[in-house]
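*Asks:* Numbering (the working numbering), first residue to last: 146 to 681.
One structure coming up, written as structure tokens, with questions to follow.
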């Protein structure tokens, strides 16, 4: 308790000493011009105008923010007082491009899309947050900000498969991530420890796969699943806030929850193995079993109808093929039939049958990038990935090779290297999880901030990079408080890596801008880790 109080005191002191209308901007905009002249004054007669019905939610969010920051309820009508104008201008280049202009009598937030306008409102919120003296007087300093992201894809990943998170907690998580202009939430919905999405054609998937603990309730952490209607509501909630939800169904490994419901879908030599969710690992779907492909044809059809995102993540990682397919009579017979020399070629066969179901539903697949070795030396992909698959680099230390291979083969790439973007890793020595501690390396706040998604390469070697993703695997994370504790403040560093060009990123500046944002998160009930080490 004494440590918490000391940290809170330090935060308050740092925030007040550094207060400035630019001191809470995070991620840092790519063009900021301080204005001159008088402040814009918010009054109860200030009017919020929109030029499109698509901005109705953004306008309501703006009024809420003004109420929170200034204490004033803005209810003016046209002609009564000062104006905050929200505008959509499709002629602006880049769908997340926005301009925020503050002058004495008028604030204009103009964006290429309603989502871009929403990001402009988040920036205005940070202007008010950083300049508490002006905000207390309902004033906004003059400024001109012309901003657009470095990368279009800026994601965080939650893992309710390992420990279930109720819908309200996922919404709470979305509320925080949009403050920092994250626009994608990947939901890891299936794994060895649980199946968390309702599939109406196969109710056994959730009847068995979503109930790891017979003595537990149905709202987590061990048990629970999302109905299709709940997921559609979650999609709607996220979309209002400019967030796309990408579902992940991990195959052909990480499938104990599926095999617990349908043991016959594994290789024959594993059918008699007891499938204990949360304990059994390293089992896989059988590549030589036609029933597997029919099941996933139906699953993908239902999931595609829930999520409007054009992308579905299908995993493809950590497939223990030697222990499963190489020992399977069906799989060995299939290898002989196809003339395969290596068992890894069955991965190409497996996804060659699965991916048409993705395409038939108007979607594109994402897979974790697997190489022919999990450590050096590396010479190529584990198997040839189809051209239309987007890959995610993740294995510790191997991202440069993923960059080389994706550039060579023409694949789009999402950057989630373990050494920079794995948020389940400890944040500081001694900050290890209470369980599932396999000797994780430390990923500090400063390490996250030093992450350059382009790895310093020429622009021509970065054009295939879609963006970044901070991943939060849930084996050791049982509730939303632990989720946010592991996420923040490191996700603030990754947000700037995804949004801000390298020439505008400075560690010392980030440290100063961090404090008011941590104060704000705590004020909104977010559990964060106190980064004492950066004050040393």
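Note that the Cβ used here is the ideal one computed from N, Cα and C, for glycine as well.
A quick note: this is a predicted structure, and the numbers were derived from the prediction, not measured.
In chain order, which continuous runs of the alpha helix (DSSP H) of length 4 or greater are located wholly inside the segment 380-438?
*Replies:* Counting whole runs of 4 or more residues, the segment 380-438 contains the alpha helix (DSSP H) stretches 401-406.
*Asks:* Considering only the alpha carbon of each residue, which of 448, 306, 663 lies closest to residue 672?
*Replies:* Nearest option by C-alpha distance: 663.
*Asks:* Should the segment 353-370 be called in touch with the segment 299-312, which here means at least 3 C-beta pairs below 8 Å?
*Replies:* The segment 353-370, when compared against the segment 299-312, does touch it at the 8 Å Cβ threshold.
*Asks:* Leaving out five residues before and five after residue 160 in sequence, what residues of the same chain have Cβ atoms less than 6 Å from its Cβ?
*Replies:* Caution is warranted here: a pLDDT of 44 is assigned to residue 160, below 50, making its placement in the model unreliable, and the coordinate value is therefore given only provisionally. Result list for residue 160: 660, 661, 664, in chain order.
*Asks:* For the segment 536-587, list the alpha helix (DSSP H) runs that are entirely contained and at least 4 residues long, ordered along the chain.
*Replies:* Runs found: 544-554, 563-566.
*Asks:* Per DSSP, what kind of secondary structure is residue 309 in: helix, strand or coil?
*Replies:* Three-state result, residue 309: coil.
*Asks:* Among residues of its own chain, excluding the 5 on either side of residue 563, which ones have a beta-carbon nearer than 7 Å to its beta-carbon?
*Replies:* Contacts found: 539, 540, 541.
*Asks:* How many Å lie between residue 525 and residue 652 at the Cα?
*Replies:* For residue 525 and residue 652, the distance between alpha carbons rounds to 35 Å.
*Asks:* Just to confirm, is the Cβ distance from residue 304 to residue 395 under 8 Å?
*Replies:* No; because the gap between Cβ atoms is not below 8 Å, this pair is not in contact.
*Asks:* Could you compute how far the alpha carbon of residue 578 sits from the alpha carbon of residue 621?
*Replies:* Roughly 6 Å separates the two Cα atoms.
*Asks:* So what's residue 300 in DSSP terms, helix, strand or just coil?
*Replies:* Reduced to three states, the DSSP call for residue 300 is strand.
*Asks:* If contacts are defined as beta-carbon pairs under 8 Å, then residue 264 and residue 289 qualify, I think. What distance do you get, rounded to the angstrom?
*Replies:* About 16 Å separates the two Cβ atoms, so there is no contact after all.
*Asks:* So what does residue 268 bridge to, in DSSP terms?
*Replies:* The partner list for residue 268 (beta bridge, DSSP) is empty, contrary to what the question assumes.
*Asks:* Which class does residue 331 belong to by DSSP, given the choice of helix, strand or coil?
*Replies:* Strand.
*Asks:* Mapping DSSP to helix, strand and coil, what is residue 481?
*Replies:* It is helical.
*Asks:* With a cut-off of 8 Å on the beta carbons, I'd call residue 439 and residue 508 a contact; round off their distance for me.
*Replies:* That belief does not hold up - the Cβ atoms of residue 439 and residue 508 are roughly 18 Å apart, past 8 Å.
*Asks:* For residue 458, which beta-bridge partners are listed by DSSP?
*Replies:* Residue 458 is bridged to 393, 511.
*Asks:* Starting from residue 653, trace the alpha helix (DSSP H) both ways and give me its first and last residue.
*Replies:* Run containing residue 653: 652-668, per the alpha helix (DSSP H) assignment.
*Asks:* On the criterion of 16 or more Cβ atoms from any shown chain inside 10 Å, does residue 556 qualify as buried, or is it exposed?
*Replies:* That one is buried.
*Asks:* With a 10 Å radius around its C-beta and 16 neighbouring C-beta atoms as the bar for buried, classify residue 519 as buried or exposed.
*Replies:* By the 10 Å Cβ count, residue 519 comes out exposed.
*Asks:* In its own chain, which residues sit with a C-beta less than 7 Å from the C-beta of residue 166, not counting the 5 before and 5 after it?
*Replies:* Hits under 7 Å: 272, 275, 276, 279, 286, 288.
*Asks:* Apart from the five residues just before and just after residue 637, which ones in its own chain have a Cβ nearer than 7 Å to its Cβ?
*Replies:* Excluding positions up to five away in sequence, the list reads 171, 325, 659, 662.
*Asks:* Which same chain residues, not among the five before or five after residue 174, have their C-beta less than 6 Å away from its C-beta?
*Replies:* 290, 292.
*Asks:* Going by Cα to Cα distance, which pick from 545, 537, 574 is closest to residue 560?
*Replies:* That would be 537, whose Cα lies nearest to the Cα of residue 560.
*Asks:* What's the C-alpha gap between residue 333 and residue 339?
*Replies:* Distance between the alpha carbons of residue 333 and residue 339: 10 Å.
*Asks:* Determine the direct distance from the alpha carbon of residue 558 to that of residue 534, and round the result to whole angstroms.
*Replies:* Spanning the two alpha carbons is a distance of roughly 9 Å.
*Asks:* Compute the beta-carbon to beta-carbon distance between residue 233 and residue 258, rounded to the nearest angstrom, for a pair I have assumed lies under 8 Å.
*Replies:* With 8 Å as the limit, residue 233 and residue 258 qualify as a contact, their Cβ atoms being about 7 Å apart.
*Asks:* Would you check if the distance between the CB atom of residue 568 and the CB atom of residue 634 is smaller than 8 Å?
*Replies:* No; because the gap between Cβ atoms is not below 8 Å, this pair is not in contact.
*Asks:* Give the DSSP-derived three-state secondary structure of residue 497 in the structure shown.
*Replies:* Residue state, collapsed to three classes: helix.
*Asks:* Using the C-alpha atoms, what's the distance from residue 425 back to residue 401?
*Replies:* Using only the alpha carbons, I get a separation of about 7 Å.
*Asks:* With distance defined between alpha-carbon atoms, name the residue in 217, 527, 510 nearest to residue 487.
*Replies:* Looking at the Cα atoms, 527 is the closest of the given residues.
*Asks:* Buried or exposed for residue 677, going by 16 or more other Cβ atoms inside 10 Å?
*Replies:* That one is exposed.
*Asks:* Excluding sequence positions up to five away, which residues of its chain have a Cβ less than 8 Å from the Cβ of residue 452?
*Replies:* Within the same chain, residue 452 has close Cβ partners 376, 380, 390, 391, 392.
*Asks:* Can you tell me whether residue 417 is buried or exposed? The criterion is at least 16 other CB atoms within 10 Å of its CB, across all chains shown.
*Replies:* Classification of residue 417: exposed, given that the 10 Å Cβ count is below 16.
*Asks:* Buried or exposed for residue 566, going by 16 or more other Cβ atoms inside 10 Å?
*Replies:* Buried, by the Cβ-count rule.
*Asks:* Taking the C-alpha atoms as reference points, what is the distance between residue 459 and residue 219?
*Replies:* Going from the Cα of residue 459 to the Cα of residue 219 covers about 46 Å.
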